[in-house]
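Chemist: Dumping the structure here so I can ask a few things about it.
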Ligand SMILES: CC(C)(COP(=O)(O)OP(=O)(O)OC[C@H]1O[C@@H](n2cnc3c(N)ncnc32)[C@H](O)[C@@H]1OP(=O)(O)O)[C@@H](O)C(=O)NCCC(=O)NCCS
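In my numbering, the protein residues as written are 344 to 700.
Structural data, given as structure tokens:
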């Protein structure tokens, strides 16, 4: 592994484009990794001065209603086709995880089309996302798209401010939102009422999330007219579109239940444990008085309460923090063993579409 340089980033990008896009460009889909002042990074393995395996990653903070969780997002894992099966992909991923942990990530997240490869390397499903189907049958119950128009650069402040009102989100500065709004093949509309932008929604994202509304902000009165417009634009080419909704937005879930939209609860991402010290301090910010978490190794955290101590290992730590589909069983066991209720666990993070890598 070598230090990251511009040339190295270019070489990594070329390999990612070859493997993941059949040679088509992808830098504009991931501005926080590839634009000139990007904070995101690439890791590479080289042989004979050539990048042969790579991935992208970025340090991010997951804001939830109860705690902020330092996290790394990883994506675009790729090995040159001619030398696969020699452990290079596993190594570049392991080295990225080490780097992310040593820089303070309590965990890493990624989005995989084929999760099996990651599962075999210690990654597990994490968190919850709800996806609703909008189709001819229920779209007639959406409000008219009154006041809806395509977003322009002048809407960035309003969009960023609506985004920032989500209790569960990735922390982002306005300049990052501005860069992300420039992702190609994305339709972004806003709803303006009495001169004020009160809702926005984005559908499509580069070569991903076609017909999926993956990010939005505002109250139902501001967002649903935009959804209505996105449906009107899509209905001739697609039987249905989809909308991602976090658990932390009950008004939207209630609307889709009311219009009898088909919905499915899926997992938010794949996760891998990072730095247990940072994770233990995240737990401590969530625990009630009299309960403490202590990192006892790179893979274990001891939780101590009035009744005793319980040692959590690797996957148990992630399942205590944020199990798939809100399954509280690991938290129940902790509560029983340490002898007190821990109402702040699990946490409910959500990653909106513009942040995915
Ligand atoms: C996935 C990928 C990065 C692995 O790279 P690699 O350098 O071959 O990785 P490793 O050598 O560490 O692991 C290879 C092993 O994974 C297995 N494997 C490869 N793809 C797999 C998949 N989709 N599901 C399950 N196992 C898979 C191989 O059969 C091999 O098994 P073996 O060790 O028993 O022979 C590489 O196949 C690749 O670039 N694929 C296309 C891009 C991709 O799918 N990226 C992930 C999406 S972000």
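Even for Gly, the Cβ is constructed at its ideal location relative to N, Cα and C.
All values reported here derive from a predicted model rather than from experimental measurement.
1) Would you kindly report the start and end of the unbroken beta strand (DSSP E) that includes residue 553?
2) Can you tell me which of 506, 504, 501 and 351 puts its alpha carbon nearest to the alpha carbon of residue 385?
3) From the DSSP output, read off the bridge partner residues of residue 452.
4) According to the Cβ coordinates, are residue 584 and residue 489 closer than 8 Å?
5) What three-state label does DSSP hand residue 461 in the structure shown?
6) Is there at least one non-hydrogen atom of ligand 1 closer than 7 Å to the beta-carbon of residue 422?
7) Rounded to whole angstroms, what's the CA-CA distance from residue 555 to residue 650? Just pull it up for me.
8) Can you list, in chain order, the residues of its chain with a C-beta nearer than 6 Å to that of residue 403? Leave out the 5 residues immediately preceding and following it.
9) Could you spell out the range, first to last residue, of the alpha helix (DSSP H) harbouring residue 662?
10) Determine the direct distance from the alpha carbon of residue 593 to that of residue 472, and round the result to whole angstroms.
11) Ordered along the chain, which non-local residues of its own chain (more than five positions away) have a Cβ less than 6 Å from that of residue 644?
12) Hey, is residue 455 close to ligand 1, as in C-beta under 7 Å from one of its heavy atoms?
13) Which one or two residues does DSSP pair with residue 526 in a beta bridge?
14) Pull up the distance between the alpha-carbon of residue 534 and that of residue 431, whole angstroms please.
15) From residue 387 to residue 400, what distance separates their C-alpha atoms?
16) Pairs of beta-carbons, one from the segment 597-614 and one from the segment 624-634, closer than 8 Å: are there three or more?
17) Within 10 Å of its beta-carbon, does residue 557 have 16 or more other beta-carbons around it, so buried, or fewer, so exposed?
18) Whose C-alpha, out of 418, 669 and 685, is nearest the C-alpha of residue 355?
19) Quick check on this structure: which residue in 502, 537 and 485 has the alpha carbon closest to the alpha carbon of residue 568?
20) Would you call residue 542 buried or exposed, if buried means 16 or more other Cβ atoms sit within 10 Å of its Cβ?
21) If you count every other CB in all the chains shown that lies within 10 Å of the CB of residue 479, and 16 or more means buried, which is it?
22) Residue range of the beta strand (DSSP E) that residue 546 falls in?
23) Report all residues from its chain with a CB closer than 7 Å to the CB of residue 577; omit the five preceding and five following residues, and keep chain order.
24) Can you give me the start and stop residues for the alpha helix (DSSP H) that residue 594 sits inside?
25) Give the DSSP-derived three-state secondary structure of residue 377 in the structure shown.
26) With burial defined as no fewer than 16 other Cβ atoms inside 10 Å of the residue's Cβ, what is the status of residue 672: buried or exposed?
Modeler: Looking at the coordinates:
1) 551-561
2) 351
3) 416 and 614
4) no
5) helix
6) yes
7) 48 Å
8) 414, 416 and 513
9) 657-664
10) 13 Å
11) 619, 623, 636, 638, 655 and 660
12) yes
13) Its beta-bridge partners do not exist; DSSP assigns none.
14) 48 Å
15) 11 Å
16) no
17) buried
18) 418
19) 485
20) buried
21) exposed
22) 539-548
23) 554 and 584
24) 593-601
25) helix
26) exposed
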